[in-house]
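Working notes, beginning with the structure itself.
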Amino acid sequence: MYLEYFNFKELPFALTPNVGFFCQLRGHQEALNVLLFSLRSGEGFIKIIGEVGSGKTLLCRKLLDSLDDSYVTAYIPNPDLNPLELRKALARELGIEFTAVQDQHELLTLLNTKLLELHLAGKRTVVIIDEAQALPLESLEAVRLLTNLETQKNKLLQVVLFGQPELDQHLNKLNLRQLKQRITFSYYLPLLNREDMDTYLFHRLAIAGYTSGALFAKRTRKILYQASRGVPRIVNILCHKALLLAYGSGESKVTPKMMQLAIRDSDVGFIPREKYLLLSVIMSLLIISIILFFFFKGII
Numbered sequence: 000m001y002l003e004y005f006n007f008k009e010l011p012f013a014l015t016p017n018v019g020f021f022c023q024l025r026g027h028q029e030a031l032n033v034l035l036f037s038l039r040s041g042e043g044f045i046k047i048i049g050e051v052g053s054g055k056t057l058l059c060r061k062l063l064d065s066l067d068d069s070y071v072t073a074y075i076p077n078p079d080l081n082p083l084e085l086r087k088a089l090a091r092e093l094g095i096e097f098t099a100v101q102d103q104h105e106l107l108t109l110l111n112t113k114l115l116e117l118h119l120a121g122k123r124t125v126v127i128i129d130e131a132q133a134l135p136l137e138s139l140e141a142v143r144l145l146t147n148l149e150t151q152k153n154k155l156l157q158v159v160l161f162g163q164p165e166l167d168q169h170l171n172k173l174n175l176r177q178l179k180q181r182i183t184f185s186y187y188l189p190l191l192n193r194e195d196m197d198t199y200l201f202h203r204l205a206i207a208g209y210t211s212g213a214l215f216a217k218r219t220r221k222i223l224y225q226a227s228r229g230v231p232r233i234v235n236i237l238c239h240k241a242l243l244l245a246y247g248s249g250e251s252k253v254t255p256k257m258m259q260l261a262i263r264d265s266d267v268g269f270i271p272r273e274k275y276l277l278l279s280v281i282m283s284l285l286i287i288s289i290i291l292f293f294f295f296k297g298i299i
């Protein structure tokens with residue numbers, strides 16, 4: 000690959016979420032601040048919404064990495080689970096031993112006992128559900144019921160939901176209004192603006208160990224932003240392919256042409272605006288030509 004060629008210590012644009020590459024962009028840092036403040040305040044439900052590829056999973060892992068040992072966390076990355084499976088997943092994360100045939104009532108009793116033990120030991124228990132839009136509606140309701148476990152003063156369980164905008168569509172359903180009312184803090188994770196994307200690129204390159212100047216020229220970055228529209232995952236995909244092209248061509252920089260080739264080779268990039276403008280101009284000229292043709296034909 001191009002690691003040695005560009006003197007990288009690691010791949011700067013790998014798709015696997017790596018907390019070491021977390022960039023303190025305004026939106027992502029604000030989201031992390033909201034999460035940490037909410038959890039320290041003892042709030043029951045917190046919700047983070049973001050588009051596909053906006054960096055939710057990386058933020059989720061950064062949150063897990065930021066919590067100290069006063070927190071006990073249960074991380075559920077694949078939540079396409081029915082209520083019983085969800086409770087079992089939570090029990091496993093909390094180290095609860097149970098039999099394969101445990102019924103719902105017994106499982107809830109075990110969970111309540113464990114949460115109370117953790118509370119008495121001075122621990123706060125947080126369940127973090129990634130891709131929460133995939134939770135069946137009955138499982139979302141089961142999550143709400145779990146937060147009913149409480150002492151006279153404190154909730155025994157706090158819940159953080161990370162999801163795509165479809166999660167809001169679920170929560171707007173009438174039968175989930177009780178859950179929606181319990182969400183005390185929420186944040187919509189923004190996509191990168193033009194300045195953010197430059198910061199994001201330079202940050203990842205620096206973390207990867209690159210020290211040889213501007214690898215992506217201003218024109219190249221402009222094309223990248225138009226194609227990615229500020230979606231971090233798409234930025235990573237296109238930069239990775241463009242670096243492969245630069246390596247294969249023996250070039251020390253990524254040129255605009257290489258970025259255009261990377262976009263053309265991908266199904267994820269958007270067509271740059273110039274192409275839409277060019278197409279609009281061509282279509283306008285064609286329409287004007289047709290009108291003029293029939294106009295003069297009528298005169299003759």
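Going letter by letter, the sequence shown gives residues 0 to 299 in numbering that gives the first Met the number 0.
Every residue, glycine too, gets a C-beta built ideally from N, C-alpha and C.
All values derive from a computational prediction rather than experimental measurement.
**Q.** Enclosing alpha helix (DSSP H) for Leu-204 [first to last residue]
**A.** 193–206
Q: Classify Arg-25 as buried or exposed, calling it buried when 16 or more other Cβ atoms lie within 10 Å of its own Cβ.
A: exposed
Q: Using only alpha-carbon positions, find the residue among Asp-64, Glu-137, Ser-53 that is nearest to Leu-85.
A: Glu-137
Q.
My output table needs one value for Glu-130: the three-state DSSP class, helix, strand or coil.
A. coil
Q) Helix, strand or coil: how does DSSP classify Thr-98 here? A) coil
Q) Are the beta-carbon atoms belonging to Lys-61 and Phe-21 less than 8 angstroms from one another? A) yes
Q: State the CB to CB distance for the pair Leu-134 and Thr-146, rounded to an integer number of angstroms; the pair is presumed to be in contact (CB under 8 angstroms).
A: Not a contact, Cβ separation roughly 14 angstroms.
(Q) Please give me, in chain order, every unbroken run of the beta strand (DSSP E) with length at least 3 that falls completely inside the segment 123–189. (A) 123–128, 157–162, 182–188
Q | Beta-carbon separation (whole angstroms), Ser-302 vs Leu-223, contact threshold 8 angstroms | A | Nothing about residue 302 can be reported from this structure: the residues present for the chain run from 0 to 299 only.
(Q) Tell me the residue span of the alpha helix (DSSP H) that contains Lys-55. (A) 55–65
Q.
Which residue wins for smallest C-alpha separation from Met-258, given the options Leu-114, Tyr-246, Glu-250, Lys-240?
A. Lys-240
Q.
Suppose you measure from the CA of Arg-203 to the CA of Pro-11; what does that come to, to the nearest Å?
A. 5 angstroms
Q: Pick out whichever of Ala-141, Ser-211, Leu-260 has its Cα sitting closest to the Cα of Leu-106.
A: Ala-141
Q) Are there 16 or more other CB atoms within 10 angstroms of the CB of Thr-15, so buried, or fewer, so exposed? A) exposed
Q | Span separating the alpha-carbon of Phe-355 from that of Val-253 | A | Beyond the ends of the chain as shown, which are 0 and 299, falls residue 355; an answer cannot be given.
Q: Return the bridge partner residues of Phe-215 from the DSSP annotation.
A: Val-253
Q. Between Tyr-1 and Ala-216, what straight-line distance do the alpha-carbon atoms span, to the nearest angstrom?
A. 19 angstroms
Q) How long is the line joining the alpha carbons of Val-158 and Gly-43, rounded to whole angstroms? A) 6 angstroms
Q.
Can you give me the C-alpha to C-alpha distance between Lys-221 and Glu-3, rounded to a whole angstrom?
A. 27 angstroms
**Q.** For Thr-72, the residue or residues it bridges with in DSSP
**A.** Val-125
Q | Sequence-distant residues of its chain with Cβ nearer than 6 angstroms to Leu-160 (five each side left out) | A | Lys-46, Ile-128, Ala-131
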